[in-house]
Amino acid sequence: MRITIITAFPDLIRAYLGASVLGRGIAKGKLEVEVLDIRDFAEGSYRQIDDYSYGSGGMVLMA
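Start counting the sequence shown at 300; every next residue gets the next number (my numbering).
Structure representation (structure tokens):
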């Protein structure tokens, strides 16, 4: 089984995967997990991934 996770915190996800039930599946070769850092696809010198909200409160991802 192959899983791809897109996140702003790839190190946090990798640490969780190493210390969980999923980590045992990865070690046995039953599971393959790819963790992508969303900032690798961001533009600009700061690799900003959020923007001002449009309408209601909160933050939204830039698309």
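Beta carbons: idealized from backbone N, C-alpha and C, even for Gly.
- Membership of residue 336 in any alpha helix (DSSP H) is not indicated; the residue belongs instead to the beta strand (DSSP E) covering 331-336.
- Residue 307 and residue 339 have their C-alpha atoms roughly 9 Å apart.
- Look at residue 304 here: in three-state DSSP terms it is strand.
- For residue 359, the beta-bridge partners assigned by DSSP are 350.
- Spatial neighbours of residue 305 in its own chain (CB-CB distance under 6 Å, excluding positions within 5 residues in sequence) are listed in chain order as 335 and 337.
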